[in-house]
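Undergrad:
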Amino acid sequence: DHAVHGSQSHPKPSNQKTIISAFALIMALIAVIVLAKQLAPFIEAGVQAVGAPHEVVGILIACLVLLPESFTAIRQAIDNKMQNSFNLAYGSGLASVGLTIPVVAVLSYVFGITLTLGLDAKSLVFLMLTFILSIMTISMGRATFAQGIIHLVVFGAYLRLSITP
Numbered sequence: 001d002h003a004v005h006g007s008q009s010h011p012k013p014s015n016q017k018t019i020i021s022a023f024a025l026i027m028a029l030i031a032v033i034v035l036a037k038q039l040a041p042f043i044e045a046g047v048q049a050v051g052a053p054h055e056v057v058g059i060l061i062a063c064l065v066l067l068p069e070s071f072t073a074i075r076q077a078i079d080n081k082m083q084n085s086f087n088l089a090y091g092s093g094l095a096s097v098g099l100t101i102p103v104v105a106v107l108s109y110v111f112g113i114t115l116t117l118g119l120d121a122k123s124l125v126f127l128m129l130t131f132i133l134s135i136m137t138i139s140m141g142r143a144t145f146a147q148g149i150i151h152l153v154v155f156g157a158y159l160r161l162s163i164t165p
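Numbers 1 to 165, taken from my numbering, label the letters of the sequence shown in order.
1. Just how far apart, CA to CA, sit Thr-137 and Arg-75?
2. Can you give the Cα-Cα distance for Thr-100 and Thr-164, rounded to whole angstroms?
3. Are at least three pairs of beta-carbons, each pair with one atom in the region 144 to 151 and one in the region 90 to 106, less than 8 Å apart?
4. So, helix, strand or coil for Arg-142, using DSSP?
5. CB Ile-61 to CB Leu-39, shorter than 9 Å?
6. With the cut-off set at 9 Å, would you say Pro-53 and Ser-162 are in Cβ contact?
7. If you scan the region 54 to 102 from start to end, which runs of the alpha helix (DSSP H) of 4 or more residues do you find wholly inside it?
Here it is as structure tokens:
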């Protein structure tokens, strides 16, 4: 209940601890990007071998990056701790997107690589649907099992339409 109402207080970390944490986070993010870059050719070959569309490569890499938090979120959901599960899923997703895009943009600029961040119509519809569902889930203050199922169904539909359009 403390997480919902924000009544639990924690001491503010020192400036040194904040700087060290930020540096460690950036270094870990760079390591994940380098690992994803090294795995990308193998993933691309596998996607081509099964005849799936190229966008599946990005989905698989994103799933790989989010895998540790996803396992924890699934464990929390199985234990009927839906709010913790949503917090983990939202937090890891937002952190990945919020940190990865700026780092990729800077690295693409430094290395002179053209960066295109575009979504097709199908992906935009699913993104908007996800935003609407997320707003509904967050605005209620507490995540429910039914909301979790709805999010999973939307994700499953996105995967299905991405693999076989």
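Glycine included, every Cβ here is placed at the ideal spot set by N, Cα and C.
TA: Let me lay it out:
1. Taking the sequence shown and counting its residues from 1, one reaches residue 137 at position 137. Taking the sequence shown and counting its residues from 1, one reaches residue 75 at position 75. One C-alpha to the other measures close to 19 Å.
2. Numbered from 1 along the sequence shown, position 100 holds the residue referred to as residue 100. Numbered from 1 along the sequence shown, position 164 holds the residue referred to as residue 164. In a straight line, the C-alpha of Thr-100 is about 27 Å away from that of Thr-164.
3. no
4. Here residue 142 corresponds to residue number 142 of the sequence shown, with the count starting at 1. In this structure, Arg-142 counts as coil in the three-state DSSP scheme.
5. Along the sequence shown, read from residue 1 onward, the residue named residue 61 stands at position 61. Along the sequence shown, read from residue 1 onward, the residue named residue 39 stands at position 39. Taking 9 Å as the Cβ cut-off, Ile-61 and Leu-39 qualify as a contacting pair.
6. Taking the first residue of the sequence shown as 1, we reach residue 53 at position 53. Taking the first residue of the sequence shown as 1, we reach residue 162 at position 162. Against a cut-off of 9 Å, the Cβ pair of Ser-162 and Pro-53 comes out as a contact.
7. 55 to 78
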